[in-house]
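Trainee: Protein chains in written order, with my numbering: chain D, 1305 to 1755; chain V, 2 to 528. Sharing a structure, written as structure tokens. Questions coming.
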Amino acid sequence: MTLENEIYQFGEKIFNSIGQNAPSGFGKKGLASKLMQWSMTKPSLKTNLFRLVDVLPALTNSDVVAKHVHEYLGEDLTELGPMFKFGMKLAPGLPSVTNIAVKKSVKEMAQMFIVGETPEIALPKLKNLKKNKLAFTVDLLGEYSVSEEEAEIYLKRYLHAIKVFGEDTELQDTNKPIFKGHPGCIFPSNVSVKLTALYSQCTPLNFAKSVEVLSKRLSTILKLAMKNKIGVYIDAEDSEHNPIIYETIKKVYGSEEFLDFPFPGLVIQAYAKDSLELTKDILDFAKRRGKPVAIRLVKGAYWDSETASSELHGWENPLFIKKEKTDANYEKITKLLLENVDICLPAIGSHNIRSLSHACCYAEKIGVSKDKFELQMLYGMADPIAKAFVGEGYLARMYVPLGEMIPGMGYLVRRLLENTSNESFLRNTFHDQNEIKSLLKNPSENNNEIV
Amino acid sequence: MKLFNNISPTDFSIASEREKFQKAIDTLNLKISKSSFEVHPIINGSEESVEKSISRENPNDTSEKICQVHLSGTKELEKSIEKLKQGFLSWKNVNLSNRANTLRKVADIMNKKRFELSAIMTKESGKPWKEADADVVEAIDFCNYYAYLAEITLDPINTQIKKAELNELVYIPRGLVAVISPWNFPLAIPCGMVVAALVSGNSVIFKPAEQSSLIAKEFVSILLEAGIPENVISFLPGLGSEIGNAIVKHPSIDMITFTGSKEVGLDIIYESSVVRPNQRNIKKVIAEMGGKNCIIVDEGADIDEAVKGILYSAFGFSGQKCSACSRVIGVGDIYERLVDRLTSAASDLIVGRAENSASFLGPVIDKDSFERLNKFIENCNKEYEIGYSTIAPLGGYFIGPHIYKNVPANSKLWQEELFGPILASLKCNSFAEAIDVANDSPYALTGGIYSRSPKSIKYARANLEVGNLYINRPCTGAIVQRQPFGGYKLSGIGEKAGGPNYLKQFVYERAISENTTRKGFVPGLAD
């Protein structure tokens, strides 16, 4: 049977096991799903709505909330009002019950994607994930660190989270691993680190110092993580900062001190034109290191801002413009990673059932067993998908954002945009009920531009 | 005809680009260590020997001499005028697209030498890397844009099509244009003014700020290399009080384009209004002057973006831009949080030699500025509530960032342009009040708001009195054509630089009407 046929059969099985279980954001209940469905049917309002969601958490008093709600939604409040059960009287100057209701609604919505404000608050939900046979990695949401004071606070938040998770005997119970013998379960808990927020003067023009300072701070995190048995991924960011990030990763992961850290993680973004080259470079690094690293393969989350920025500067866009190109490149890198499981632990991060199925089927084809790689998905966006794959015997890890509302808003808006964009696989899957066949189509077909 | 495209700034996230920049600095360092540069007046393509000269030091390191500037006097001025008058007679008749293409050649040469030119600015003017690069980029854009603009706007226009008459509006150059330029954009600003005058068909006397004579000389060499005729450009380095003054008063000068301080600008406008013996022309003056630019942050602003944007607007090139933000207003509750984050962020900005890529703030331009600003800061530290004040490294003219809180709106600190890394802040209770407070200034150059309220954004668009309004972004860094630049009120007079109306200032309009009939025969009428 050809790989394509296998992917189709496997993917169909996954779709069947998901059935009608839409992820929380796509169910019929809940504000988020209403908002998303509404904005999907009324694209003209999408911009205003998302701008409103973006600003709301920053507003500290109800008059200001009312003002913004009114300014963004104006006449559309008539239509939106009943949906939100706060009536049509929402307007500046009105007392706050309705306005508080709006903020509360947005908060509820955020809670679908953000696990909680502090590690302590998040613990029950994380344990719940574990009970459901889902691994996790926690990302701490944060504002930009504009000063060393703020960078220091951010570092401390990571150290605190590591301690909280590390000291929780239920989470850290190594006797009951989610997947026995899987390298992703050597350390039961895991954090994903946004490296650039650990140094306020992290810029390409301050390259050497940035690498130096970040290496020091990352080492601090790794030491504590090692002691507490917490796995670590370093997130990738935008192209301006990624060279600093990879340099730091190589320096720290390559140092004698952390050679015994099991599968320290990093991230490759397949939407970047140079990501295949980068993957080869990282695999070479892992070879030199002599001990494997974990590599999360994602498509990439900075497409809008990077595309806008390269247009403003007149720079060539470092990312693929077309989604199919990214998808095809993603599969190329998937193959490369799976062919190198002796030096890396591939973590296939996607909600796209085609991309995930491709990884699973290709692994099967080349004889890579299920304990040699894992799948990763975003918390709140893909629970039924994750469950379906777990049902097939794979390890799935949820990427779980943790933190306050304001810094979380950027994240939330990105997720909402992602879910309602025309190209979103999730939207196609759960909103439009597209033909399974077309959803499982090979992205390399009719895509000759891919090299 | 070629279209216009901005060239791209250097992408410093690419290691090889950083290496090229560093190499240019190393090369320049090597040259200077052998001997400092000599800057002479250049008339008719040749360097002139003069008696007086001054020495210019590296503001990053006052023990290092950068160049010796030989000061032009009235003799050089008279000689220039004689040559330029001759040159004008042929240059004005050179085909417009030939003149435009010469500008494009200037742009190409500058682009090839971009790192070399940037390196000079890091040392001579203390411009940090990114700022120096932006300066070169803007200079190149000016050349390409004015070349393009000349071709689309300076051709004769048929005013109305009539069978019996040919009615035209034609543009002719004014004659002899004096360019008096500042040190803060030592390449971009003089370049823009000089090439605008040249492409319109004028001949040019170029008097740079004495603080940035070396980069000015490089620019003139590039003009000549690109094929600008020798008798169309004169380079007269020297002191504003001497040669600058003499140029302004000279009866043969037809136009003065100036960028610099309000005091000097107003003085030029005044002196230019005086008709002196043998003067046959009313002098046209363009003057781009100062600003006391304000950014307003309202309660719904994205505070992360606001902090980053204000830091860059206020302290980029140490606040020595006419567009720099020197006033911040926080509306309501956000004020304290904003100022707290700004002050904490300011304390970590890297202050150091501009040649070091990491420096966010380099030195201020010279000893005068250094002493003036330090004295002012000393007073501010006594008079106002300090948000952040610091002592900068020694060895050069370094001044760290300064932030003051709850500054009274009628104070000197709030009202006067300081041209240094000093930021005043105050709190208002409403957005409308903030706009009023911002507008209560003699200047109207740049300004900005950070807000996510559609109504506030609309209100600021209509009511904030500035020539360049920036919404949810820094208030510096105007890009040629994209954001035509210039202010009103006491910030200046003239059309916006890098904008569609700029070149028309360098020409006279003539209307020509010709009766095309002969004894009742009108060509083409019967067809």
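C-beta atoms are modelled at their ideal positions from N, C-alpha and C, and glycine is treated no differently.
If the cut is a Cβ gap below 8 Å, which residues of chain V does residue 1592 of chain D touch?
Mentor: Correct list: empty, because the minimum Cβ distance to chain V is about 20 Å.
Trainee: Which whole runs of the beta strand (DSSP E) in the segment 1437-1475 of chain D are 3 residues long or more, in chain order?
Mentor: As far as the segment 1437-1475 of chain D is concerned, its whole beta strand (DSSP E) runs of at least 3 residues are 1439-1444.
Trainee: Relative to chain D, which residues along the segment 442-475 of chain V have a C-beta separation below 7 Å, given in chain order?
Mentor: Within the segment 442-475 of chain V, the qualifying residues are 453, 454, 455 and 456.
Trainee: Cβ of residue 145 of chain V less than 9 Å from any chain D Cβ?
Mentor: No, its Cβ sits nowhere closer than 9 Å to a Cβ of chain D.
Trainee: At a CB-CB cut-off below 7 Å, which residues of chain D make contact with residue 14 of chain V?
Mentor: Here the neighbours are 1508, 1543, 1544 and 1547.
Trainee: Please confirm whether residue 323 of chain V and residue 295 of chain V have their CB atoms less than 9 Å apart.
Mentor: Their beta carbons are not under 9 Å apart, which means residue 323 of chain V does not touch residue 295 of chain V by this criterion.
Trainee: Using the beta-carbon of each residue, which ones in chain V are nearer than 7 Å to residue 1371 of chain D?
Mentor: Correct list: 454.
Trainee: Ignoring anything shorter than 4 residues, give me the alpha helix (DSSP H) runs that lie fully in the segment 1581-1643 of chain D, in order along the chain.
Mentor: For the segment 1581-1643 of chain D, whole alpha helix (DSSP H) runs of length 4 or above, ordered along the chain, are 1607-1617 and 1627-1642.
Trainee: Give the residues of chain D in contact with residue 372 of chain V, contact being defined as C-beta atoms less than 9 Å apart.
Mentor: By Cβ distance, chain D contributes nothing, its closest Cβ being about 29 Å from residue 372 of chain V, past 9 Å.
Trainee: I want to see whether chain V comes within less than 9 Å of residue 1358 of chain D, judged by CB atoms only; does it?
Mentor: Chain V contact via Cβ: present.
Trainee: Please list the partners that residue 401 of chain V has in chain D, where partner means a Cβ-to-Cβ separation under 8 Å.
Mentor: Within 8 Å Cβ-Cβ: nothing; residue 401 of chain V doesn't reach chain D, min ~14 Å.
Trainee: So with CB distances below 7 Å, who are the chain D contacts of residue 359 of chain V?
Mentor: Going along chain D in sequence order, the residues near residue 359 of chain V (Cβ under 7 Å) are 1509, 1510 and 1513.
Trainee: With 9 Å set as the bound, which would you pick, yes or no: does the beta-carbon of residue 342 of chain V sit closer than that to a beta-carbon of chain D?
Mentor: Chain D contact via Cβ: present.
Trainee: With DSSP as the reference, identify every bridge partner of residue 1354 of chain D, one or two as the case may be.
Mentor: According to DSSP, residue 1354 of chain D bridges with nothing at all.
Trainee: Roughly how far, in whole angstroms, is the beta-carbon of residue 1555 of chain D from the beta-carbon of residue 1515 of chain D, given that I think they are within contact range, below 8 Å?
Mentor: That belief holds up - the Cβ atoms of residue 1555 of chain D and residue 1515 of chain D are roughly 6 Å apart, short of 8 Å.
Trainee: Excluding five sequence neighbours on each side, which residues of the same chain lie with their C-beta closer than 8 Å to the C-beta of residue 1424 of chain D?
Mentor: These residues qualify, in order along the chain: 1468.
Trainee: Where residue 1609 of chain D and residue 307 of chain V are concerned, what is the direct C-alpha to C-alpha distance, given to the nearest angstrom?
Mentor: Roughly 17 Å separates the two Cα atoms.
Trainee: If contact means a Cβ-Cβ distance below 7 Å, which residues of the segment 1603-1624 of chain D contact chain V?
Mentor: If the cut-off is 7 Å between Cβ atoms, the segment 1603-1624 of chain D has 1617, 1618 and 1619 near chain V.
Trainee: Rounded to the nearest angstrom, how far is the Cβ of residue 379 of chain V from that of residue 1364 of chain D, given a contact under 8 Å?
Mentor: The pair is not a contact, with the Cβ atoms about 37 Å apart (cut-off 8 Å).
Trainee: By Cβ distance, which residues of its chain are closer than 6 Å to residue 1396 of chain D, with the 5 residues on each side in sequence left out?
Mentor: Its pLDDT being 49, under 50, residue 1396 of chain D is placed unreliably by the model, and nothing is read from it.
Trainee: Considering only DSSP beta bridges, list what residue 1372 of chain D is partnered with.
Mentor: None; residue 1372 of chain D has no bridge partner.
Trainee: Does residue 7 of chain V come out as helix, strand or coil in the three-state DSSP assignment?
Mentor: Residue 7 of chain V: coil per DSSP, three-state reduction.
Trainee: Report yes or no: is there a C-beta of chain D within less than 9 Å of the C-beta of residue 10 of chain V?
Mentor: Chain D contact via Cβ: present.
Trainee: Taking DSSP as the reference, what is the three-state secondary structure of residue 1394 of chain D?
Mentor: Below a pLDDT of 50, predicted positions are generally treated as unreliable, and residue 1394 of chain D, at 48, falls in that range; no measurement from the model is reported.
Trainee: At a CB-CB cut-off below 8 Å, which residues of chain V make contact with residue 1343 of chain D?
Mentor: Within 8 Å Cβ-Cβ: nothing; residue 1343 of chain D doesn't reach chain V, min ~18 Å.
Trainee: Can the beta-carbon of residue 244 of chain V be found less than 9 Å from the beta-carbon of residue 72 of chain V?
Mentor: Yes. Within cutoff.
Trainee: Nearest to residue 503 of chain V by alpha carbon, out of V:240, V:409, V:429 and V:287?
Mentor: Comparing Cα positions, the closest option is V:287.
Trainee: Name, please, each residue of chain D whose Cβ falls closer than 8 Å to the Cβ of residue 430 of chain V.
Mentor: Within 8 Å Cβ-Cβ: nothing; residue 430 of chain V doesn't reach chain D, min ~12 Å.
Trainee: Under 7 Å Cβ-Cβ, which residues of chain C neighbour residue 1519 of chain D?
Mentor: This model lacks chain C altogether, as its protein chains are D and V.
Trainee: List, in chain order, every chain V residue whose beta-carbon is nearer than 8 Å to that of residue 1571 of chain D.
Mentor: Within chain V, no residue comes near residue 1571 of chain D; the closest Cβ sits about 17 Å away, beyond 8 Å.
Trainee: Distance, Cα to Cα, residue 74 of chain V vs residue 250 of chain V?
Mentor: Each residue's Cα considered, the two are about 13 Å apart.
Trainee: Which chain V residues sit within Cβ distance under 8 Å of residue 1645 of chain D?
Mentor: By Cβ distance, chain V contributes nothing, its closest Cβ being about 31 Å from residue 1645 of chain D, past 8 Å.
Trainee: Which residue's Cα is closest to the Cα of residue 1439 of chain D: D:1563, D:1481 and D:1457?
Mentor: Nearest option by C-alpha distance: D:1481.
Trainee: Using a Cβ distance threshold of 8 Å, determine whether the segment 23-34 of chain V contacts the segment 109-120 of chain V, with at least three qualifying pairs required.
Mentor: Yes: at least three Cβ pairs fall under 8 Å.
Trainee: Below 9 Å on C-beta distance, what does residue 1362 of chain D contact in chain V?
Mentor: Those are 300, 301, 302, 303, 304, 335 and 453, listed as they occur along chain V.
Trainee: Just list the beta strand (DSSP E) runs in the segment 189-240 of chain V, keeping only unbroken ones of 3 residues or longer that don't cross its boundaries, in chain order.
Mentor: With a minimum length of 3 residues, the continuous beta strand (DSSP E) runs that stay inside the segment 189-240 of chain V are 204-208 and 234-236.
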